[in-house]
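Counting from 1, one number per residue, gives the positions in the sequence shown under UniProt numbering.
Where a beta carbon is used, it is the ideal one built from N, C-alpha and C, also for glycine.
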Amino acid sequence: MRGMQAVLKQYIDNRGAIDNAIARTKILEDNPPLCSALCRILVTELIFGRKKLTGESKPVLTVLNYHEQFLELLSKAVCDSKETKVSKPRYVRVNTNLLSLADVFQMLEAEKWRKKEMVHSGSYNDFLDSVTKLEEDEYLVDMHLDDLLIFHSKQRHYWACHPYVKEKKLMLQDKGTCLVADLLHPLPGAFVLDMCAAPGMKTIQICNVMQNKGTIYAVEQNAERYFLLRKMTESAGCEIIKSINADALTIDSNRCPTVEYILVDPSCSGSGMQNRMSLEPDEKDPDRLRRLAGLQIKMLSHALNSFPNVKRVVYSTCSLFEEENEQVVQRCLSLNPQFKLLNCKKALRNKWNNVGNVNYKNVGKYCLYTRPDQDHADGIFIALFEKRRRSEESD
Ligand SMILES: C[S@@+](CC[C@H](N)C(=O)[O-])C[C@H]1O[C@@H](n2cnc3c(N)ncnc32)[C@H](O)[C@@H]1O
């Protein structure tokens, strides 16, 4: 079989259609020894890849038995994947600790990139249209974030290998995750707590927003990831990080005094991530989601409760499941009425489309999603909490 990475990539690009076809044929139910991950790989190779399977192993013969059915069920997906499907652009964020925007533009000019100016009304939809129409030698500056550059998806590899990326002058960071630090927006000189910090992408961006002035307590529980966090933030030129290898639930204002801003970016299902190389059979496993949501509520409530000077808290996940998003926010708001939600869409000057589910009254419309099929970015959820002033507390 071809390289596993290539097959996985093809599976991920067509995940919805393949999973759906497997479910409709009932191949797994009718052939219980067939492992579901292997079945996905074989179907991908048979329909989207080399279009044949070699060998006479039991799993191969079982999948071949369903060849006709898969061809029929997946023919549309095969056509779509051959058409010029718009894939996610390459987002490149400037790490202003190490490189100024002026220097980046100079470098891009020297490399013969063409800057695409947006000649339109300035609406978000026009911007999305410009992203879709980017030529391979063009780039755009993001409409919300001045330090975020957008390139054609075919330039993914070019930027992955670029020396400035290796030197951490440029960060390969998706649009949705970049909005998190921007919405938290700590001022230079502020005290910030990043409760779930590794590998440190958002920590580095927060440091940029603060112009490398102030204090960021960056907490990470996992020892290996803590080591990575330290390495990443040091090589990215962050001078204001106090890293802590601990369970964030044990950290309070004694250990991190005068914290004003907190980021809670906890472990989640990752269901919004587009390039996730995962073949997990049941993505929406209710028990796993319940466990994750329990921890997420604990983390967010701890942030809202344990730091008397806190003004603003951002909660973010890379999940598209309401159980980890709107439901967590709703629960934490009811437990912590001293906080209110700020309207994320308004914070982006209303130039945004996807908000939370408005059926969660007083929650959904305040929260923000980036949705992969509409925002050309990974699926991210963000909620922005602000401490009520005393006069507001009875609202
Ligand atoms: C979604 S990742 C954070 C990504 C990170 N904010 C970034 O932008 O690079 C969640 C991290 O939280 C860590 N974590 C989970 N539970 C924790 C806890 N109780 N205390 C501290 N860190 C925790 C995980 O080990 C993982 O590294």
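M171 and E56 have their C-alpha atoms spaced approximately 46 Å apart. With fewer than 16 other Cβ atoms inside 10 Å of its own Cβ, R389 counts as exposed.
Along the length of the segment 180-249, whole alpha helix (DSSP H) runs at least 4 residues long occupy 201-209 and 223-235, reported in chain order. C344 and D378 have their C-alpha atoms roughly 17 Å apart. Beyond the five residues adjoining it in sequence on each side, P266 comes within less than 6 Å, by CB distance, of C196, Q296 and M299 in the same chain, given in chain order. Counting only the Cα atoms, G3 lies some 11 Å from G49. The continuous stretches of beta strand (DSSP E) do not include L289, which lies in the alpha helix (DSSP H) extending over residues P286 to N305. Rounded to the nearest angstrom, the gap between the Cα atoms of R114 and W352 is 26 Å. Distance from L341 to Y366 at the Cβ level is roughly 4 Å; contact confirmed, criterion being Cβ atoms closer than 8 Å. A383 is bridged by DSSP to Y315. When the alpha-carbon of K51 is set against those of H162, A37, S75 and S36, the nearest one is in S75. A residue is called buried once 16 or more other Cβ atoms fall within 10 Å of its Cβ, and P89 is buried on that count.
DSSP, read as helix, strand or coil, puts R15 in helix. For P186, the distance from the CB to the nearest heavy atom of ligand 1 is not below 7 Å. Annotated three-state conformation of I22 is helix, per DSSP.
Annotated as distal: N325 and F385, with beta-carbon spacing of 8 Å or more. In the displayed model, V43 falls within a helix according to three-state DSSP. I262 carries a strand assignment under DSSP once its states are collapsed to helix, strand and coil.
Between T177 and K213, the beta carbon gap of about 23 Å keeps them out of contact (Cβ cut-off 8 Å). At least one heavy atom of ligand 1 lies less than 7 Å from the C-beta of Q221.
Put simply, the backbone Cα of M210 is about 8 Å away from that of H185.
Between the beta-carbon of D142 and that of I150 there is about 6 Å, and that keeps the pair under the 8 Å contact cut.
Of the residues G16, I244 and V180, the one whose Cα lies closest to the Cα of V314 is V180. Partner residues in the beta bridge of E138, as assigned by DSSP, are R114. Between F191 and V264, the CB-CB gap reaches or exceeds 8 Å. Only exposed fits L187, as fewer than 16 other CB atoms lie within 10 angstroms of its CB.
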